[in-house]
Structure formats: C-alpha cells, structure tokens
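Visitor:
Number of protein chains: 4
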Amino acid sequence: MGSTFGHFFRISTWGESHGAAVGVVVDGCPPNLDLTEDDIQAELDRRRPGQSRVTTQRKEADTCQILSGVFEGKTLGTPILILVWNTDAKSEHYAPFQHIYRPSHADYAYDAKYGIRNWQGGGRASARETVGRVAAGAIAKKLLDTQCGTEIIGYVKQIHKLYADVDPASVTLDQVEANIVRCPDPHCAEEMIAQIDWARRQGDSLGGVVELVARNVPAGLGEPVFDKLEADLAKAIMSLPASKGFEIGSGFAGTTLTGSQHNDPYEMRDGQVHTRTNNSGGVQGGISIGEPITLRAAFKPTATINKTQETVTDTGEATTLAAKGRHDPCVLPRAVPMVEAMVALVLADHYLRQKAQCS
Amino acid sequence: MGSTFGHFFRISTWGESHGAAVGVVVDGCPPNLDLTEDDIQAELDRRRPGQSRVTTQRKEADTCQILSGVFEGKTLGTPILILVWNTDAKSEHYAPFQHIYRPSHADYAYDAKYGIRNWQGGGRASARETVGRVAAGAIAKKLLDTQCGTEIIGYVKQIHKLYADVDPASVTLDQVEANIVRCPDPHCAEEMIAQIDWARRQGDSLGGVVELVARNVPAGLGEPVFDKLEADLAKAIMSLPASKGFEIGSGFAGTTLTGSQHNDPYEMRDGQVHTRTNNSGGVQGGISIGEPITLRAAFKPTATINKTQETVTDTGEATTLAAKGRHDPCVLPRAVPMVEAMVALVLADHYLRQKAQCS
Amino acid sequence: MGSTFGHFFRISTWGESHGAAVGVVVDGCPPNLDLTEDDIQAELDRRRPGQSRVTTQRKEADTCQILSGVFEGKTLGTPILILVWNTDAKSEHYAPFQHIYRPSHADYAYDAKYGIRNWQGGGRASARETVGRVAAGAIAKKLLDTQCGTEIIGYVKQIHKLYADVDPASVTLDQVEANIVRCPDPHCAEEMIAQIDWARRQGDSLGGVVELVARNVPAGLGEPVFDKLEADLAKAIMSLPASKGFEIGSGFAGTTLTGSQHNDPYEMRDGQVHTRTNNSGGVQGGISIGEPITLRAAFKPTATINKTQETVTDTGEATTLAAKGRHDPCVLPRAVPMVEAMVALVLADHYLRQKAQCS
Amino acid sequence: MGSTFGHFFRISTWGESHGAAVGVVVDGCPPNLDLTEDDIQAELDRRRPGQSRVTTQRKEADTCQILSGVFEGKTLGTPILILVWNTDAKSEHYAPFQHIYRPSHADYAYDAKYGIRNWQGGGRASARETVGRVAAGAIAKKLLDTQCGTEIIGYVKQIHKLYADVDPASVTLDQVEANIVRCPDPHCAEEMIAQIDWARRQGDSLGGVVELVARNVPAGLGEPVFDKLEADLAKAIMSLPASKGFEIGSGFAGTTLTGSQHNDPYEMRDGQVHTRTNNSGGVQGGISIGEPITLRAAFKPTATINKTQETVTDTGEATTLAAKGRHDPCVLPRAVPMVEAMVALVLADHYLRQKAQCS
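Residue numbers (the working numbering), protein chains in the order written: chain A, 1 to 359; chain Y, 1 to 359; chain G, 1 to 359; chain W, 1 to 359.
(1) Output, in chain order, the set of chain W residues within a Cβ distance shorter than 8 Å of Arg47 (chain G).
(2) I'd like the list of long-range same chain contacts for Gly149 (chain W), defined as Cβ closer than 8 Å, with 5 residues on each side in sequence excluded.
(3) Name, please, each residue of chain A whose Cβ falls closer than 9 Å to the Cβ of Ala20 (chain Y).
(4) Determine, using beta carbons only, whether Leu229 (chain W) comes closer than 8 Å to chain Y.
(5) May I ask you to report which of helix, strand or coil DSSP gives Phe97 (chain G)?
(6) Should Pro31 (chain W) be flagged as near chain A, meaning a C-beta pair shorter than 8 Å?
(7) Over the uninterrupted beta strand (DSSP E) stretch that includes Leu212 (chain W), give me the two end residues.
(8) Among Y:Pro96, Y:Thr75, Y:Lys300, which one has its Cα closest to the Cα of Gly28 (chain Y)?
(9) Have a look at Val22 (chain A) and Arg124 (chain A) and give me their C-alpha separation to the nearest angstrom.
(10) Only counting the same chain, and skipping five residues up and downstream in sequence, which positions put a Cβ closer than 6 Å to that of Ala318 (chain A)?
(11) Listed from N- to C-terminal order along the chain, which residues in the stretch 103-130 of chain G have their beta-carbon within a distance smaller than 9 Å of any beta-carbon of chain Y?
(12) Give the residues of chain G in contact with Glu235 (chain Y), contact being defined as C-beta atoms less than 8 Å apart.
(13) State yes or no: is the C-beta of Glu43 (chain Y) within less than 8 Å of the C-beta of Ala178 (chain Y)?
(14) Is the CB of Arg5 (chain G) under 8 Å away from at least one CB in chain A?
(15) Determine the direct distance from the alpha carbon of Gly249 (chain Y) to that of Ile363 (chain A), and round the result to whole angstroms.
(16) Find the residues of chain W that neighbour Ala298 (chain G), judging by a C-beta separation of less than 8 Å, and give them in chain order.
(17) Going by the CB atoms, is the gap between Val24 (chain G) and Gly132 (chain G) shorter than 8 Å?
(18) Can you list, in chain order, the residues of its chain whose CB lies under 6 Å from that of His99 (chain W), leaving out five sequence neighbours each side?
(19) Taking just the CA atoms, how far does Val283 (chain A) sit from Pro292 (chain A)?
(20) Would you please verify whether the beta carbon of Glu43 (chain Y) is less than 8 Å from any beta carbon of chain G?
(21) Per DSSP, what are the beta-bridge partners of Gln284 (chain A) in this structure?
(22) Take the Cβ of His7 (chain Y) as the centre, count every other Cβ of all protein chains shown within 10 Å, and call the residue buried at 16 or more, exposed below.
(23) Would a check of beta-carbon distances place Thr36 (chain Y) closer than 8 Å to chain G?
(24) Quick check on DSSP: helix, strand or coil for Ser17 (chain Y)?
(25) In terms of residues, what are the limits of the beta strand (DSSP E) holding Ser243 (chain Y)?
(26) Less than 8 Å between the CB atoms is what I'm expecting for Ile237 (chain W) and Pro333 (chain W), so what's the real figure, rounded?
(27) Would you report the Cα separation of Ala348 (chain Y) and Arg117 (chain G), rounded to the nearest angstrom?
(28) For Ala322 (chain G) and Lys307 (chain G), I'd like the C-alpha separation in whole angstroms.
(29) Suppose contacts are defined by Cβ-Cβ distances below 8 Å. Is Leu229 (chain W) in contact with His350 (chain W) by that definition?
(30) Let me know if Thr320 (chain W) comes out buried or exposed under the rule of 16 or more other beta-carbons within 10 Å of its beta-carbon.
(31) State the Cα-Cα distance for the pair Thr256 (chain W) and Gly73 (chain A), rounded to the nearest angstrom.
(32) Looking at chain A, is there any beta carbon in it that lies within less than 8 Å of the beta carbon of Asn263 (chain Y)?
(33) In this structure, what does DSSP give as the bridge partners for Asp34 (chain W)?
(34) Measure the Cβ-Cβ separation of Thr304 (chain G) and His327 (chain G) and say whether it is below 8 Å.
(35) Are the CB atoms of Gly208 (chain A) and Val156 (chain A) within a distance shorter than 8 Å?
(36) Quick one: Cα of Phe71 (chain A) to Cα of Pro96 (chain W), how far?
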C-alpha cells in the first residue's frame, strides 16, 4: 500500500527483483511533452547493473517499453506505463537462503510484516525496484528542463573514508560521467575505484554519500507546513534502498555554527533577490527561493557480502551464512541516478502543485 | 495545501503565529481511547515558550480546549478539534520589519510563493504552528502507549559544539526532564545551559541535534517502497521548523564502515529474533523489526538574532536589520517534544495502516 | 478518518451536533482572495435552522468566526479555520433515546462501527455537520465567481409528489430565494409549503429532489478515469445526510431514449463549440465542456418523526419509540445551500487541479 | 492525474483503447490471498467484447498476465501488475474521424482539456479502460468472498423501456448468467434481446439500468462524513463510461414516501439487530449495517451509432458524421461485471479501512 509517490506527478512502481518484470505507472504528467523511449533509456543505462566493474555484475539490458500515455512522440496527459522485463532472474542463486535471514537485508522484516516473501532475490526490497523510479524520474527531468530549464546533477561525494572536493556551483554532468564511479573529483575518483576493487576482492562492501545540486529551480515550490520541499525531498531520498541519512544545505555541520554565522544575508543581483551564502540549501521555510538546492544522501555499505556471517533461520535456529558469487561492493555509482530521479520527481510534483495556486 | 499529515491517523494544523488562535484537527484516531485535555496539556507545557530561561520569553499559557471528538472522556472515532488561543500576539514588535526580509526567515519565501504574508510574526513558518503538532502527538503517544506499550523518548544530544554522552537503550524521561535543557547527561547539560546563556547575552543563537529512541515499537510497521518507516520519519522531522538533517541508526557515520562491520547479525533472545547490534536503527527494508528505533534530527541556529544584519526590503533596496528585544537563543530544549510528537504521529499512522493488512 | 474532502481545495469538517462547536479547516484556498466573515455568514444564514416555519426549530444563530488564514481581508494561502459555537445543544431532549435505536437514524450504525457514540443528538450524522461544508462552500463559490464568473444555483425541484416547473437555463437566485421553500415555481412553492405544514401537523416528514445548475463552468474540469467530474459530484452529493440518489443531465430518464435521440449534436455559436441539446448535463467523458452543468439530488424523508415506531434497544430488546417535540418535517429548503456548497467544493477543487496541468 | 481509485485497496488503471496494452496496478491487496490468472480471467470473460451477438463485435481475447505481486499462487502484499495486450486495435477505422467531434463522445472534451488526444478510438474514454477495473475487481471480490463470504450480484434491471422483475433478496449468479443479456427475468430477457437486435439493425443504441445486490457485507463499513459508503459507491459507479445516475435503497422513488412509510423499523432476528424493510439499501448514516446493499446505475444509450449526425470539426466547421461498421447497440450486458467490479473495489477498500480502526 506504499508503492505510490507524489500527488500531482504521481508514480506507482511495481515488480519484484526476480519476478517477470518491473516498471512504473506515471499519472499526472502534463500533455504535449515530447517523450520517447530514448529519453528514458538514457537514464536507465546509468542505473543499469553491469555497466562497469565497480557495480553488481547481474546482466540486465533493462530495455524499456512505453505501453501507454504517449502518442506520436507526445504525452497524452494519461497514465504512462513503462515496462522492463527481467531477464537475469536466476532464482537458483537464492535457493540456499530460502529459510535463512540474511543480516541487514529485509528478509526478516518482510516475513514479520507480510508472513510471506518472494525469497528469489530481494523482491521489492531489491534495488531493482528503482528501475521504475529512474524511468519516471527521466520524465520528470524532461518536464522540468523543458518548462523551467532546471538542471539536476548528482555525484559521489564520499566513499568509505574518501571525500571528494567538488564545487556544487559549477559541477557539470560531463564531469560526473567522466569516470565509472561518478565522482567529479578525478583524483579522488581513482582512489575510490581502487577502494571498491579492494572491497570486492575482500568480499566486503562500502558505503558513502551522494551529493546533489539542482539549479534553476523556480522560487515558490514547497507546501508548508508538512509538505515542505525539504520534507518531501527527505522522504524521497530516505525511501531509497540502503539510505540512512539526509541533509540539506548546511545540514548536520551547520549545527555547530551560531545564527550570525549561519544566516544567509539577502542582496540584490541582476535585479533579483538572492542570498549571499547558501547555508539554507536553496530552501527557506520549506519553500524554494530560486537559489541552488543542495542536499546529501548517506548510503550504508551494501548488505550482501561474501563473508561468513552469523544469523538465524526462519524457524529460529542459529546458523551461519556464507554467500558466494557476485555481489555489489558499492552501490554509490548507481545511486547517483536514483537520487537524481527522486529529486526530479519531488520537484516536478511541487512544480505542478504550485501552478494550481498561481493567479 | 500542505497542512495535512498522515493517512490513517491524519492531522491538519491551522493558525498563524499572531492570528487569533492555533490548533489542529485529528481525523482517524480510533474510538474508545481514554482522552482528556490533561493528556494534551502535559505535552504542550513541555513545548510552551517561557518555560525556562533558555527558551523564548513569549508569554503564552497555551491552554488547550477539545471542541469535538471526545465524549465523556473517550474518543468517539470522529475528528478531534483542539484549539489554543494566542494571547501574547503583539504585532507591534513586527511593524518595523513589515517590508524587510529577515535573513534565513521565511519572509521572502512566502512573498515569492503566495504574494502575501502575515507580517505580524512568522505566520505559519513560526514554531508556534507546532502547538497543533504537539497536541496531536500527545494523542498518538497515548494510543501507542495504550495499545503497544511504546515509549518515545527524545533528548538534546548536541548543542553547538557540546556533545552529550547518552545511552539510548536505557535513557528515561525523568533523566531528560531533570534539567531545563532536556539533556540527560547532567554534566553536559550544565555546559549547554551556560552556552545558551552566553548566546543570549551575545544576541546570537545556537543549533544542535535532538536524538530519539522509540522502544516497544511493534515489528511490521512501514510500507515499502515509498512509505518506508524511515522515509515517513524523515519527512516528519524535516517538516519541523529549522531542521536541516535527519539520520536513522548508524546514519552518516555508518557510511565509513564496511558491510561486514555494519551488518547486524541476527540471534535468538527470549525465543524471539533479535539483532545483536542496531546499526539499522530498528528498521530494515523500510519496516520496523521490533528493535528500538533510533534517529537524530539536526536543527540550525535560530534565525532571529539581536545583531545587525544586511538584507533587502520587499522593494529590492539594500538595508540593515537590527532586531531588538526578546529572541530564542536555542530551540533545542523545546524541539524535543516536537520531535517526539512527529515520531509518535508517524508510528500511530503506520500502526493503523498495518492493522488493515493483518489477517 | 473520512472527514476530509478534496485534494487541492481540501476541507476537513469537525464537530458533533451537541458538542461544543462545529466548523471546518479549508486548506488549499489560493492566496489574495478577498474574504470576510460576511461572505460566509450569508450562506450559513441560508442553511440555518429556524429560518422559517418549514424547517427545524432548533435555535442557532450560527455566527461564524474565522480564526486563521485570512489577514486584512485577504486569504493568505494558509489553512482557514472557521468556527461556529453550538448554543442550543440541549442534550436532555435525547436522554430518553440514549439506549434506543431510532429507525433510519445512524444510531445503530455508529454503535456497530465505533462501539461508542455521542447519544446527545445525531453527532456527526446530524445535518449540523454541514455547517462546515456550507462555510467552506461559500469560499469556493467566491473563488469560482471571482476567477471564472461561475454561477451555482440550486432549488427545490420536487417535494413529495409535487413537481416544480423550472427552466435551468434561466432560473435566478432571486427567484429561488423569493419563498421559504426555495422553489422558483411560485405556484408549486405554495403547494409545497402547505404540504410541509400538513406533514408537521401529522408528525411526519417529506422527501424530495434538489436540482442544480452551474453556469460559466470552464471547459476541461474533471480527471478521467476515476476523478471524472460527475463522479466527484456524485460523491459530494451522496455524502450529504439523507441523500439517496444522484443524476446528471438526462439521468435515469435518459435511459429510455435511443442514442440518436440522446446524443447532443455539436454546433458553433459565437465562434465557440457548443452542443445543441444538453442531455450530457455539461459533462462528456468526465470533463466539463463549457455547457451548463445540471444535476439532481434525491433526499429521503427526514428520519425524525413524531409518530410511534417499533424498534430495539442497544441490548436487543424490542421497544417502541414515541418522539415528542420539534422535528424537521422537510430538509429540502435547507438542503439547497448544502447541495450548492458541495458542488462549489468539487468545482473549485477541479479548477485548481486543471490549472496544474495547463502549459 | 485521476487514474487511481481507493485508499487501502488502491488501483491505478492505464492504457488507451488503441494503444499497445491496457491494465492495472493493484496496491494494498493483503498478502497470502490465493490468486491465479484464472480468477481474473473469469471476470474478464464476462466483460469481453464479442462475447455474444448483443455486444460490440471488436475481437479481443483479453487474456491477462500477472507480472508482479503474486508468488507461488499467493499474493505477496506488494503491487500486482495485470496486463492485457490490445490485439484488435485497428486505427484505420478511426482515421475518417480524426478531425471530427463525434457527438456525445469525449473527443471534444479531451481536446478542450489536454490539447491532444489519441484519435485512434476512444483512448482513455473508451470502455476498454474498464479491463483494468474488472481485473482488479476480481481480486477484490475474491478477498471479500474469502474473508467475509460477501456475494456481489449485478444484473440488467432495465433496457430502454423494458423493466425486469427481479427479487434482490434471492437472485443468483446462475440466473444472471443464464442468458446473454444478463437479465435474471427470463421472459423480459428475451424481449430485451429482441430490442437490442432491433437497435443494431437500426444503427441505433439503447440505454438502461444495472441493479446490484451485495449480501454478507460486514456492518461498520463506510467513513463519515465524506467517505460514506454510498458516497464512495456513487463515485465508483459514476466513474464508469456512460453512467448518468446512481441510487441506493429506495433512491429517487423513495422521495415520494413519508418518513413513517420510509423508515426501516428495527427488530431482532437470530439474536442480531436487523431492519424489517430495507429502504436504506443496507446503509445508514454512511455505514453498512449488515443488511443487503442494493443500488442502481443508469447508463445512457451508447454514443456510437450508425446514423448520420450533425457535428463540427476540430477547426470549427459544421459537418456531418456518418459512421459505418460495427457498433455496440447496448452496453448493459457488459456493464454488469463493470458495476460489480466497482462495488467490489469500494467494499474491499472500506473493509481494510475498517480493520485499521478495530481494537
């Protein structure tokens, strides 16, 4: 009952990791937007497993089909169904774990909640579910770009204990895509790749932080007091698999400043109200003010590792789990398009909401 | 259009900081719950301005009235309206700022969005709006306590650069309420109070972190994939005024661990599945697993300070703002009941949702 | 959990018939709309009990107060709280029925659902709850009138077996308000009044039909496939107390025509597409087309009568109920502003929705 | 933005009449319900075009596939995606009408709203969209049957001026399915079939009324004051293509009774509170009371006819439309499963809602 996101630009994802297919319905996309499968495929390719040596090696082409809502290259204003068939859904990999709760996976939680689960892979808890999010996010991105010139750029800011040096004001998509780890600090990127290679060899996994900047976001987006822009962004990010933290603007670091240090003075630039600094992260009182939106998302190290772990079975017996085979040593490079998609979905939703209120 | 929160246990707050009254409608509270105004007043008193020297000195008794939904001491299952009259709404304090955008306040954002604002105080952006949240949260707390034995305990973990040492597993409400800063580490609490006194004298303000633990939360709460428990908790927290960050379990610190360090091994205790560690913060795959839920909320330093600041007027002229008079040097002590209220509202909502799915 | 209506122009009513007060929160009204308590009072006065000899004689001034959301005569875009104190809530009238299920009232239904009810009057099932609807509807009417010139005119079309002759194309508010029964056919109105007087003397009650026309409704309102305009209108009407039927355009009578008789031919008038006939009732495919919207709402005879009736107690014993005292012999005259309010709420909601989709 | 229905048992339909496929996502179906494609196919076969000589002759097998949410014959509690490929989507039939507004179709309305439409058939306004509703309704029916023993039986009560004599208390599915017109009055059914044959030969179409009874509906379903059971039923029915009216219990006819005639006296039967009569139609105060729910839905004659009609083009020129080829002379027989599906969806949604409130 929780697979729908958004109010005006509303998506419903569906599909289990090892079921027949995964996908999404997008309801509320305005009519007459140019849209083709290529627009969506481009983002899916950034999310795709097996795209490089630093990601999971599951083999999925992730080719999308649009089955409704688009006619002669334009959106109709009706629901858009996007479908991706699962092709590398080898359930035999999972047969040994059918009755074993993998630590820090959702196996036990799903059993506790539903009393049943598709043990062939992570089911809905798998990152595979994000195929639908990224596909829908591609449409949201296109809408925002077409109507507002909005740019949404995410990148890997941190992996394990390696911190990249990136200027959100100037970072470009090309810089992000210049390496397989999606870190626009080239020197740090090399170290990150080496670190991931090490983790893979160890059968271990790494966490990190994705940072994102959204530029040219119209002022006025966000609905106080509960649907504040940062609140919906936080929900969007924290709904991604493996996310453990969210911050906007100065975030946790800003708590060590005083008010006189933290407040963003207003000034006029180009005849427009601007803030001199951006500790607010582009949002004040829950509403965008036209400054770049900056946020960060923390991802824990992937739960699947190739080391022996202690755990219990679904009948309550102590056992050990010794996974063997492919694992995803670091989700961060693929998390970048996921974070971007969620931010785009929030912004598109609030953009349409705000239009309803203008006179 | 964003003043409603929750789906099953649904609240709508209303009221401006300097309007006639503030309050809340609670729709969806189950019938036959014992409830009196005292239950609500107790929490409002913890949120009340002027409760101690470390908070804002606005004088409000914040006495609540229940106008509907309760009959002979029990809830009817119908909407509960709670009203608190504003008594210390002196708009003359704000007259000088009628046309000046106060830095890092919501003045400019509201003008940009609505084209109009109640300049007599912060309007809906004021922390006064949280009266309705805390009142509704008191009902949610009572529901959870009565039906599940759930305990929700928040406390000040950090103010400015002072970090308290607190064990979430054992902290009690009495320890929290033992001092005016709501920090259960007595030594640190004294330092925090001194720090706030200093900030007040400086005309400056301080930020910090509220930490919260929720014990005896039933397993199975949370609705993947978008209404995951941590996603709704993040939205709830990030909808509070001045919040800039949210984390659950290991949070941002957990990103520097490896998977083998971070995974929580399962074990049997008292015939029940438990995790040995709790990096997950009580939630896996978006679903509560019966372990204590632990989270942290970052609050920036309050925007109102008594120092001269540069800014602009609503007609775009550079000016300086020199506020004089009472200000709130640190919102953290009063943020504790606010955070608790939001967490209680999320848990109550998901508790009712989960009941709908059980067989 | 069902006291909220609308998505963009969203209202939440609260209050029991014999509680302290009744009212509504309106969330989503656009900012900068001129609004005073007089705008709302005018509609409440049309709904008020005791306004004439053909309605219930409960004495309520129904004076409204706006407690939030309006500043210096204009809406702020924030929630609007409207409150009406109950003054004639004499619970002793109801003491004899505390344990008796009044036939075709909601007493038994509420006990079955909630296991508790406020037996002092009808609680939420009372028509008193519609105070909040009519108050909110007054705002919706003003919004539609100001921004679209929309006119919403309801009137009594039928009482018992008396059918008025009214032309929806030309009927005016003055004609409706010219008599206490709100029937713009003066001759029929007199008969209706006599019929109601007869029913009152008999201790009995009468049903009937309210017809409504909405003119100058913009084309394009309605959201296929579920939130079609007629679907939301039907829900709105059928949520009113005592309503048993809804039809739009040709309605049930249209089922006896053939397609060639029923189809509305298109033609150009004043450079605009129009239909020659209006069997569609102004809606095609769930979307307004700019023609007048015409609909009808059936209301059963009021359940409260002064005749002896067989029934059972809440412990399952057969008994008889002999109500004595004031009763409402016919709700139809007061149902007119209720129906208008609900239609206005639906149109305002869809008007704002449609704005979100325009380019 | 209106293709989602329900809150707890929530469906989103997608697909245009002449697009690649049509279908539905069902979110909120409880886990562990036995479900196969056969359960769904059985209902789709009752809705299928070409099933008999009295329906449209479009050739569609309407074979459904479940792509998610079901594992080893049981629901997972995750979204269920059902897909039906369109196979007889011959757009060339519609090429002549690409720029002509067909009277009482949604062509003009969609152009007015969206500024674009898929002219190859009715798009979302086509009855083809109801494939997803009927598929989802089959799941809702199974849930209600399994958990409550609820029986939902619809039938054709009236076609044109022919009225069937049916006792809702005793009618059976077998009686309904005994003839191709789905009228359980065998004599009237024969006349109806002859009437439809006549209409087909004339190139004309007929309207009528579907009546429905739901037995063994638990007491307590419905959420006053807006989500009353009859309000949600009305919305559900009025969202179906070609519906023009809805009534419950005594409906419009009940408006000519007095209160003393209309009230349903309570009595005890089998130790349970019952009403002696059922003018209420099983619902009082918006809440089911355990009596059979009876309702009626009016359908206008189908808009597609084979007679010459006056109309205009999308550039505002007068023209005539002379459709040739297959048309649907009467939608009533196929409307029966559609009405049943919508009622099942409403009941399932409210059944789950009510579970959330029980203690």
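For glycine and all other residues, C-beta sits at the position ideal for the given N, C-alpha and C.
Guide: Answer, in terms of the structure:
(1) Near Arg47 (chain G) there are no residues of chain W at all, since even the closest Cβ is about 15 Å away, more than 8 Å.
(2) Correct list, in chain order: Asn216.
(3) Those do not exist, as Ala20 (chain Y) stays about 18 Å from chain A at its closest Cβ, beyond 9 Å.
(4) No, because no Cβ of chain Y sits closer than 8 Å to the Cβ of Leu229 (chain W).
(5) Collapsing the DSSP output to three states places Phe97 (chain G) in a helix.
(6) Chain A contact via Cβ: present.
(7) Where Leu212 (chain W) is concerned, the enclosing beta strand (DSSP E) stretches over 208-215.
(8) Considering only alpha carbons, the answer is Y:Thr75.
(9) Rounded to the nearest whole angstrom, the CA to CA distance from Val22 (chain A) to Arg124 (chain A) is 10 Å.
(10) The beta carbon of Ala318 (chain A) lies closer than 6 Å to those of Val312 in the same chain, with the five residues before and after it left out.
(11) So the close ones are Tyr110, Lys113, Tyr114, Gly115, Ile116, Arg117, Asn118, Trp119, Gln120, Gly123, Arg124.
(12) Here residue 235 (chain Y) turns out to be Lys, not Glu, going by the sequence shown. The contact set of Lys235 (chain Y) on chain G, defined by CB atoms closer than 8 Å, is empty, because the minimum CB distance reaches about 17 Å.
(13) Not closer than 8 Å, so no.
(14) Contrary to the premise, residue 5 (chain G) reads as Phe rather than Arg in this sequence. Interface residue (Cβ-Cβ distance to chain A less than 8 Å): Phe5 (chain G) is not classified as such.
(15) Nothing can be reported for residue 363 (chain A), as the shown portion of chain A is limited to 1 through 359.
(16) Chain W residues near Ala298 (chain G): Glu247, Gly251, Phe252, Gly254, Thr255.
(17) Closer than 8 Å, so yes.
(18) Cβ neighbours of His99 (chain W) beyond the five flanking positions: Thr313, Asp314.
(19) If I take the Cα positions, the gap works out to 9 Å.
(20) No, its Cβ sits nowhere closer than 8 Å to a Cβ of chain G.
(21) The partner list for Gln284 (chain A) (beta bridge, DSSP) reads A:Ile287.
(22) His7 (chain Y) counts as buried, since at least 16 other C-beta atoms from the protein chains shown sit within 10 angstroms of its C-beta.
(23) No, Thr36 (chain Y) does not count as interfacial toward chain G.
(24) Ser17 (chain Y) carries a coil assignment under DSSP once its states are collapsed to helix, strand and coil.
(25) Unbroken beta strand (DSSP E) run through Ser243 (chain Y): 243-248.
(26) Contact doesn't hold; Cβ gap of about 17 Å is too wide.
(27) Computed Cα separation, rounded: 23 Å.
(28) Taking the straight line joining both Cα atoms gives about 6 Å.
(29) Taking 8 Å as the Cβ cut-off, Leu229 (chain W) and His350 (chain W) qualify as a contacting pair.
(30) Thr320 (chain W) sits exposed, since fewer than 16 C-beta atoms from the chains shown fall within 10 Å of its C-beta.
(31) Approximately 55 Å between the Cα atoms of the pair.
(32) Taking CB atoms only, Asn263 (chain Y) has a neighbour in chain A less than 8 Å away.
(33) Partner(s): W:Lys74.
(34) Against a cut-off of 8 Å, the Cβ pair of His327 (chain G) and Thr304 (chain G) comes out as a contact.
(35) In contact: Val156 (chain A) and Gly208 (chain A) (Cβ atoms closer than 8 Å).
(36) Each residue's alpha carbon lies about 18 Å from the other.
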